[in-house]
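K.L.:
Can you keep this structure in mind? I'll have questions shortly.
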Amino acid sequence: MTQQSPEMIHALAYGAYPARCLQVVSEIGVADRIDDEPVPVGKLAAACGAAPGALDRVLRLLTAYGVFEERDGGYAHTAASRVLRDDHPMSARPLLRLMGLPMHLDSLSVLQHTVMTGEPAIEVLEAEGVWAYLQEQPDEAEIFNHAMTSKAAADVPAVVDAYDFTPFGVIADIGGGRGHLLRGILDAVPGAEGVLFDRPSVVEALAFPDHPRLALHAGDFFDTVPAADAYVLMHVLHNWDDERTARILATIRKSAAPGATLLVIENVLPDERPTPAALTMDVIMLALTRGRERTEGELSALFDAAGFRFTGMTETSGTMRIAEAKAI
Ligand SMILES: C[S@@+](CC[C@H](N)C(=O)[O-])C[C@H]1O[C@@H](n2cnc3c(N)ncnc32)[C@H](O)[C@@H]1O
Numbered sequence: 098m099t100q101q102s103p104e105m106i107h108a109l110a111y112g113a114y115p116a117r118c119l120q121v122v123s124e125i126g127v128a129d130r131i132d133d134e135p136v137p138v139g140k141l142a143a144a145c146g147a148a149p150g151a152l153d154r155v156l157r158l159l160t161a162y163g164v165f166e167e168r169d170g171g172y173a174h175t176a177a178s179r180v181l182r183d184d185h186p187m188s189a190r191p192l193l194r195l196m197g198l199p200m201h202l203d204s205l206s207v208l209q210h211t212v213m214t215g216e217p218a219i220e221v222l223e224a225e226g227v228w229a230y231l232q233e234q235p236d237e238a239e240i241f242n243h244a245m246t247s248k249a250a251a252d253v254p255a256v257v258d259a260y261d262f263t264p265f266g267v268i269a270d271i272g273g274g275r276g277h278l279l280r281g282i283l284d285a286v287p288g289a290e291g292v293l294f295d296r297p298s299v300v301e302a303l304a305f306p307d308h309p310r311l312a313l314h315a316g317d318f319f320d321t322v323p324a325a326d327a328y329v330l331m332h333v334l335h336n337w338d339d340e341r342t343a344r345i346l347a348t349i350r351k352s353a354a355p356g357a358t359l360l361v362i363e364n365v366l367p368d369e370r371p372t373p374a375a376l377t378m379d380v381i382m383l384a385l386t387r388g389r390e391r392t393e394g395e396l397s398a399l400f401d402a403a404g405f406r407f408t409g410m411t412e413t414s415g416t417m418r419i420a421e422a423k424a425i
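In terms of this note's numbering, the sequence shown is residues 98 to 425.
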C-alpha cells in the first residue's frame, strides 16, 4: 500500500476502530494478564471482567496488526503487545489510556466544529479550554499527568544526553508537570539547583519536593515566573496560540537577565516533509488547545518578538528537538 493508493483511504476510513480496540484493551489491562505462555480468552475475560466473545473479536483484530498472536488455544505476546504491559520500561499503556479519555474521544467527535470555526473542539466540552477541563476532571487529570510522566521516561534521557546543562546554576522547568525532566537534569548536573514551576493544582499534588536540589513554585506563566539561568519549556509552547505563546515568552523575558538561556523542547517541525506522526500531533493540538506544532522559523520569529535570539537547534535520539535561545 503506497501513500497515495486508494487502499490508504480504506485503511484511514476504518482506522478509528483498531485504535479504539487498542485503547480499550489497554484500559482493562489485558496485556498484564499474559506472561510467557498463551492465555485462553475465557481466562483473560474473567480476569478483566469482560465478555469473552467480544474480547475475543477485539483481540483477533489486533492480532492482524501483530499486536498479540493466537497460538495453542490462547493469546500470547508479540514484541508489540509487550509494550502494552504496565511493567514494560517503555510502556505505552499510559498513553493509550490517555487517548481513550473523553477529553480526546469527545473532542474527536466534534472535530468538524473545529474545522468549520477554527475553535478548539474541547471548548465545546469546557468553554475555558483543556486546562480548566482537567481541573474539573481529576480522574482524567491523573491519567493525563501519568501519561506525560511516562512519555518523559523515554524523552528525558534523550534530552539530558543531547544537551549540556552543566553551565547553569539555576534551572527553572516552566510548566514542568511532575518534574520528571528537571529531576533527570539535576541528576546529570550535580552543581545545579532546580525550580519546578507549574499551576497550583499540579504543584500542590506533589506535596513535597522529592529531590534535595529541587524547589517547587506554584504560579501562572502568564503572570510571573522565578528567575533562573536557564528556562526549560518542554511540551508547553505547542499548547498555545501565537499570541499566548508570545505572552509566556514575555513573562519569562521579564525575569531573565540578558544572556539567560531559553530551551524549548518539543517536536519542532522540520521545514520540509514532516512525518504523519508529527502532523497528527499538530491536529491534536488543534482539537484540544489553541496551539500548534511549529517550525524552527516560526519559533525563531516568536523568540525575536519577545527579546530572545535563536542560537541553535539540538537533535536528540528521541522525537524531541531542543531549540535554544538567549535573552538579549
Ligand atoms: C503538556 S504539559 C507538559 C508537562 C511537562 N513539561 C512535560 O513535558 O511532561 C503542559 C504543562 O503546562 C502546565 N500549565 C498550563 N497552564 C499553565 C499556566 N498558566 N502556568 C503554569 N503552568 C501551566 C500544565 O499544568 C502542564 O503541566
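All residues carry an ideal CB built from backbone N, CA and C; glycine is no exception.
All values derive from a computational prediction rather than experimental measurement.
For the alpha helix (DSSP H) containing I271, list its first residue and its last residue.
P.N.:
That residue, I271, is in no alpha helix (DSSP H); its beta strand (DSSP E) goes 267 to 271.
K.L.:
Please list, in chain order, all residues of the same chain as A327 whose beta carbon is under 6 angstroms from its beta carbon, the five residues on each side excluded.
P.N.:
Answer for A327: F265, I268, T358, listed in chain order.
K.L.:
Just how far apart, CA to CA, sit D129 and S204?
P.N.:
Straight-line Cα distance between these residues: approximately 29 angstroms.
K.L.:
My understanding is that A384 touches T211, with C-beta atoms under 8 angstroms, so please give their C-beta distance in whole angstroms.
P.N.:
Indeed they touch by this definition, with Cβ atoms about 6 angstroms apart.
K.L.:
According to DSSP, which residues form a beta bridge with H314?
P.N.:
F294.
K.L.:
Ignore the nearest five residues each way along the sequence and tell me which others in E369's own chain have a CB closer than 7 angstroms to its CB.
P.N.:
Within the same chain, E369 has no close Cβ partners at all.
K.L.:
Tell me whether the segment 245 to 252 and the segment 214 to 223 touch, counting them as touching only if at least three CB pairs, one residue from each stretch, are closer than 8 angstroms.
P.N.:
Touching, no.
K.L.:
Of all the alpha helix (DSSP H) runs that stay within the bounds of the segment 318 to 355, which reach a length of 4 or more residues?
P.N.:
Counting only runs of 4 or more, we get 339 to 352.
K.L.:
List the endpoints of the continuous beta strand (DSSP E) containing R418.
P.N.:
Taken as a continuous stretch (DSSP letters only), the beta strand (DSSP E) holding R418 covers 418 to 424.
K.L.:
Should S188 and Q232 be called a contact, given that it needs their Cβ atoms to be closer than 8 angstroms?
P.N.:
Not in contact: S188 and Q232 (Cβ atoms no closer than 8 angstroms).
K.L.:
My output table needs one value for T386: the three-state DSSP class, helix, strand or coil.
P.N.:
Correct three-state label for T386: coil.
K.L.:
Any heavy atom of ligand 1 closer than 7 angstroms to the CB of L70?
P.N.:
This structure cannot speak to residue 70, because the chain is shown only from 98 to 425.
K.L.:
Return the first residue and the last residue of the alpha helix (DSSP H) that E223 is part of.
P.N.:
Looking at the DSSP string, E223 is not in any alpha helix (DSSP H), and its letter there is neither H nor E.
K.L.:
Should the segment 127 to 147 be called in touch with the segment 163 to 178, which here means at least 3 C-beta pairs below 8 angstroms?
P.N.:
Contact between the segment 127 to 147 and the segment 163 to 178 is present, because at least three Cβ pairs lie under 8 angstroms.
K.L.:
If I measure Cβ to Cβ from I425 and keep anything under 8 angstroms in the same chain, skipping five residues before and after, which residues do I get?
P.N.:
P355, G404, F405, R406, listed in sequence order.
K.L.:
Look up Y114 in the DSSP assignment and say whether it is helix, strand or coil.
P.N.:
Residue state, collapsed to three classes: helix.
K.L.:
Can you tell me whether DSSP reads I131 as helix, strand or coil?
P.N.:
Coil at I131, not helix or strand.
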